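Residue numbers (the numbering used here), protein chains in the order written: chain A, 1 to 167; chain B, 1 to 100.
Heads up: the structure comes next, in structure tokens.
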């Protein structure tokens with residue numbers, strides 16, 4: 001076992017444990033904290049793959065901005081523990097087995113062509129952040145400009161939705 | 001060097017857990033968080049393939065996915081605040097106006 005493999009398994013176990021904890025916690029704030037564990041573990045995996053910029057963005061935007069927004073809304077709405085209603089019998093009985101079947105199918109489908117896609121992973125040494133920035137501002141400049149427009153629309157939408165009427 | 005299959009299988013497992021959480025959870029904020037979990041799983045697959053192929057397109061796509069997720073979180077949480085204000089509940093089973 002190489003050290004990379006050990007780190008991978010530790011981080012993967014952390015991510016899966018966080019995801020399972022997200023399912024089993026009944027209080028939304030505990031689910032949010034579990035999700036933060038998943039995101040930090042994923043950022044560690046990105047670092048392990050040599051994608052430093054994505055790891056930093058993962059921590060700053062996902063672990064920072066988006067999760068702070070979630071925790072803020074949970075506290076703003078004073079969300080208590082999840083009530084256990086069971087209007088939908090189907091979700092409880094069919095949902096978990098179907099979700100597990102989906103996981104198994106996906107994992108089996110991607111695990112089968114083993115090693116074929118294992119190209120030399122030397123992208124990590126090519127100063128990826130510089131290359132990424134060149135790609136964003138040259139090859140992907142129109143999608144990039146569109147995302148700024150998307151963010152503007154999202155900000156306006158959020159303000160319109162959350163504003164109280166008649167003020 | 002960790003094989004790319006390991007990353008993709010982990011990504012599939014996280015996505016499946018996200019789907020299960022989406023179906024099982026009753027709190028609308030928790031359901032929204034399971035969507036974020038699925039997006040994270042997809043991002044992991046993107047970065048893993050990008051490293052395996054030695055191309056950086058996948059990482060650029062991850063950045064776009066993160067931007068869209070941020071926009072989605074802003075609008076979605078606005079909708080959640082509106083629902084909580086109008087219905088006095090965060091349980092999705094109580095938001096059933098469209099139900100016959």
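In this text, a Cβ means the ideal position worked out from N, Cα and C, and glycines have one as well.
On a predicted model such as this, the values are computed, not experimentally measured, just so you know.
So with CB distances below 9 angstroms, who are the chain B contacts of residue 68(A)? In chain order: nothing, as chain B lies at least about 10 angstroms away.
Using a Cβ cut-off of 9 angstroms (strictly closer), state whether residue 62(A) contacts chain B. yes
Nearest-angstrom Cβ-Cβ length linking residue 82(A) and residue 30(B), presumed shorter than 8 angstroms: 7 angstroms
What are the residues in the region 46-59 of chain A lying within 8 angstroms of chain B by C-beta distance? 46, 48, 49, 50, 51, 53, 54, 57 and 58
Would you mind reading off the limits of the alpha helix (DSSP H) that contains residue 27(A)? Per DSSP, residue 27(A) belongs to no alpha helix (DSSP H) and is neither H nor E.
Among 5(A), 17(A) and 48(A), whose alpha-carbon lies nearest the alpha-carbon of residue 37(A)? 17(A)
Who are the neighbours of residue 88(B) on chain A, taking C-beta pairs under 8 angstroms? Correct list: empty, because the minimum Cβ distance to chain A is about 10 angstroms.
With burial defined as no fewer than 16 other Cβ atoms inside 10 Å of the residue's Cβ, what is the status of residue 25(B): buried or exposed? buried
If you drop the 5 nearest sequence neighbours on each side, which residues of the same chain put their C-beta closer than 7 angstroms to that of residue 62(B)? 43, 46 and 47
Taking only beta-carbon positions, decide if residue 145(A) is within less than 9 angstroms of chain B. no
In terms of residue numbering, what span does the alpha helix (DSSP H) encompassing residue 94(B) cover? Unbroken run through residue 94(B): none, as it is neither H nor E.
How many whole angstroms separate the CB atoms of residue 40(B) and residue 42(A), which I take to be in contact at a CB cut-off of 8 angstroms? 6 angstroms
Against chain A, does residue 97(B) count as a neighbour if the rule is that its beta carbon must be under 9 angstroms from one of theirs? no
For residue 20(A), which residues of its own chain have a beta-carbon under 7 angstroms away from its beta-carbon, when the five flanking residues on both sides are left out? none
Within chain B, the residues that residue 74(A) reaches when beta carbons sit closer than 7 angstroms: 29
With DSSP collapsed to three states, give me the class of residue 78(A). coil
Please give me, in chain order, every unbroken run of the alpha helix (DSSP H) with length at least 4 that falls completely inside the region 51-87 of chain B. 57-87
Measuring only the C-alpha atoms, how far is residue 13(B) from residue 164(A)? 41 angstroms
What are the residues in the region 13-41 of chain B lying within 8 angstroms of chain A by C-beta distance? 13, 14, 15, 16, 17, 18, 19, 20, 21, 23, 24, 25, 26, 27, 29, 30, 32, 33, 34, 36, 37 and 40
Can you tell me which residues form a DSSP beta bridge with residue 27(B)? 91(B)
Any chain B beta carbon closer than 9 angstroms to residue 95(A): yes
Between which two residues does the alpha helix (DSSP H) harbouring residue 162(A) extend? 141-162
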